[in-house]
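Structure first, then comments.
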Amino acid sequence: MLIDGRALLDVANENNFAVPAFNISDWAMGKGIFEISEEREAPLIVAIHPDEVSHLGHDLLPALIQRAHRSSVPVTIHWDHGGTYEQALTAIQIGFTSVMIDASLLPFEENVAITRRVVESAHAVGLSVEGELGTIGKLDEQAEEGVAVSEITYTEPAEAVEFVERTGVDSLAVAVGTAHGLYPKHVKPELRLDLLQQIKAALPIPLVLHGGSGNPDTEIGQAVKLGINKINISSDIKVVYHHAMRAVLEDAGVREPNAIQPACVAAMKEVAAHKIDLFDAAGKASLYR
Numbered sequence: 006m007l008i009d010g011r012a013l014l015d016v017a018n019e020n021n022f023a024v025p026a027f028n029i030s031d032w033a034m035g036k037g038i039f040e041i042s043e044e045r046e047a048p049l050i051v052a053i054h055p056d057e058v059s060h061l062g063h064d065l066l067p068a069l070i071q072r073a074h075r076s077s078v079p080v081t082i083h084w085d086h087g088g089t090y091e092q093a094l095t096a097i098q099i100g101f102t103s104v105m106i107d108a109s110l111l112p113f114e115e116n117v118a119i120t121r122r123v124v125e126s127a128h129a130v131g132l133s134v135e136g137e138l139g140t141i142g143k144l145d146e147q148a149e150e151g152v153a154v155s156e157i158t159y160t161e162p163a164e165a166v167e168f169v170e171r172t173g174v175d176s177l178a179v180a181v182g183t184a185h186g187l188y189p190k191h192v193k194p195e196l197r198l199d200l201l202q203q204i205k206a207a208l209p210i211p212l213v214l215h216g217g218s219g220n221p222d223t224e225i226g227q228a229v230k231l232g233i234n235k236i237n238i239s240s241d242i243k244v245v246y247h248h249a250m251r252a253v254l255e256d257a258g259v260r261e262p263n264a265i266q267p268a269c270v271a272a273m274k275e276v277a278a279h280k281i282d283l284f285d286a287a288g289k290a291s292l293y294r
């Protein structure tokens, strides 16, 4: 059931739901994400960004690929937020079935040039590419790259059409007011759903929402109804996973992984199940058979 991102997201686009892209940072998280996706019969994107890859190493990829082949739901293994052409080549070489090239902080023409180069290489070997246009906010130092929330550049529909035509990307991450990381209590997240409607009306390809953690469920659910087909979830599952781990490790006598990690994975799976349902992805694996 390991497939490329185009095959996964085209079905979501045709059937008006969003596939969750869960960022994992260890094998226990990955195992739990596979399990909850299978329990909910939901298609899955296992997302790993370069910082996570630097922690996991390349040798975990064969295990994830093997697990994906055994999965009862369709799975894409996605290189998230690659910043260079060389990173994209590495992702292709080590077994990712989808790559993202994020050159959104560069000027438009440079973004087009590097994205098109990645598309040409990935398409040559049958893999899909996600690009990004506009900028996503960055809320804390542990979040992926972005700009101050007050400096977000929203995706312009006409520019998005030109970008897709010139690059040939299979999906597009759009900037409609989200941010990477967790919102402080005094900051109220707010999506430009009106802008999302305009972009979706102008583009036929799947649209992606980054920075999906921390936004109100009502906004995220409405974004799915308005045409978002992939939503990245990283902070929300990592916070609950490691919060549970801290609680378990308060007992200084605990040392074995089977005594530590099951409670952490269970807490993460509860959040992941909520996201799957919110994105209307539960039960959608049947559409791929």
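Counting in this note's numbering, the sequence shown runs from 6 upward without gaps.
Ideal Cβ positions, reconstructed from N, Cα and C, are used throughout, including at glycine.
In this chain, Lys-230 is not harboured by any beta strand (DSSP E); it is covered by the alpha helix (DSSP H) spanning 222-230. For Val-259, the number of other beta carbons within 10 angstroms of its own is below 16, and it is reported as exposed. Bridge partners of Gly-35 according to DSSP: none are assigned. Excluding the 5 residues flanking it on each side, Ser-109 has same chain C-beta neighbours closer than 7 Å at Asn-116, Glu-137, Leu-138, Gly-139 and Thr-140, in chain order.
The beta-bridge partner set that DSSP reports for Ile-82 consists of Val-51.
With a threshold of 16 other beta carbon atoms within 10 Å, Asp-64 falls short and is exposed.
For Ala-127, the uninterrupted alpha helix (DSSP H) segment begins and ends at 113-129. Contact between the stretch 16-29 and the stretch 41-50 is established, with three or more Cβ pairs separated by less than 8 Å. Following the DSSP letters along the chain, one finds Ile-106 in no alpha helix (DSSP H) but inside the beta strand (DSSP E) bounded by residues 103-106. Taking each of Asn-220, Leu-231 and Gly-216 in turn and checking the Cα distance to Asp-199, the smallest one comes out for Leu-231. Taking 8 Å as the cut-off, the beta carbon of Phe-113 is found closer than this to the beta carbon of Glu-164.
In the DSSP annotation of this structure, Lys-280 is not part of any beta strand (DSSP E); the continuous alpha helix (DSSP H) holding it starts and ends at 262-283. Here Ser-77 is exposed: its Cβ has fewer than 16 other Cβ atoms, across all protein chains shown, within 10 Å. For Glu-167, the uninterrupted alpha helix (DSSP H) run begins and ends at 162-172, by DSSP. Within its own chain, the residues whose Cβ lies closer than 8 Å to the Cβ of Ile-265, once the five positions on either side in sequence are excluded, are Met-250, Val-253, Leu-254 and Val-259, listed in chain order.
Looking from the CA of Phe-39, the closest CA among Met-105, Ala-73, Thr-160 and Asn-220 belongs to Ala-73. Only exposed fits Tyr-293, as fewer than 16 other CB atoms lie within 10 angstroms of its CB.
Where Gly-136 is concerned, the enclosing beta strand (DSSP E) starts and stops at 133-138. With contacts defined as CB atoms closer than 8 Å, Ile-225 and Ser-176 fail to qualify as a contacting pair. Per DSSP, Val-244 is one residue of the alpha helix (DSSP H) stretching across 240-253.
With contacts defined by Cβ atoms closer than 8 Å, Asn-237 and Asn-28 form a contacting pair. For Ala-228 and Ile-204, the gap between their C-alpha atoms comes out near 12 Å.
Per DSSP, the unbroken beta strand (DSSP E) holding Leu-214 starts and ends at 212-214.
The C-beta distance from His-86 to Ser-103 rounds to 12 Å, too long to meet the 8 Å contact threshold. If the five residues before and after Leu-132 are omitted, its C-beta is found closer than 7 Å to the C-beta atoms of Asp-9, Ile-97, Thr-102, Ser-103 and Val-104, all from its own chain and listed in chain order. In this structure, Val-270 and Ala-33 form a Cβ contact; the two beta carbons are roughly 6 Å apart against a cut-off of 8 Å.
Comparing alpha carbon positions, the residue from Met-6, Leu-7, Ile-99 and Ala-17 closest to Lys-289 is Ala-17. Less than 8 Å separates the beta-carbon of Val-179 from that of Thr-160.
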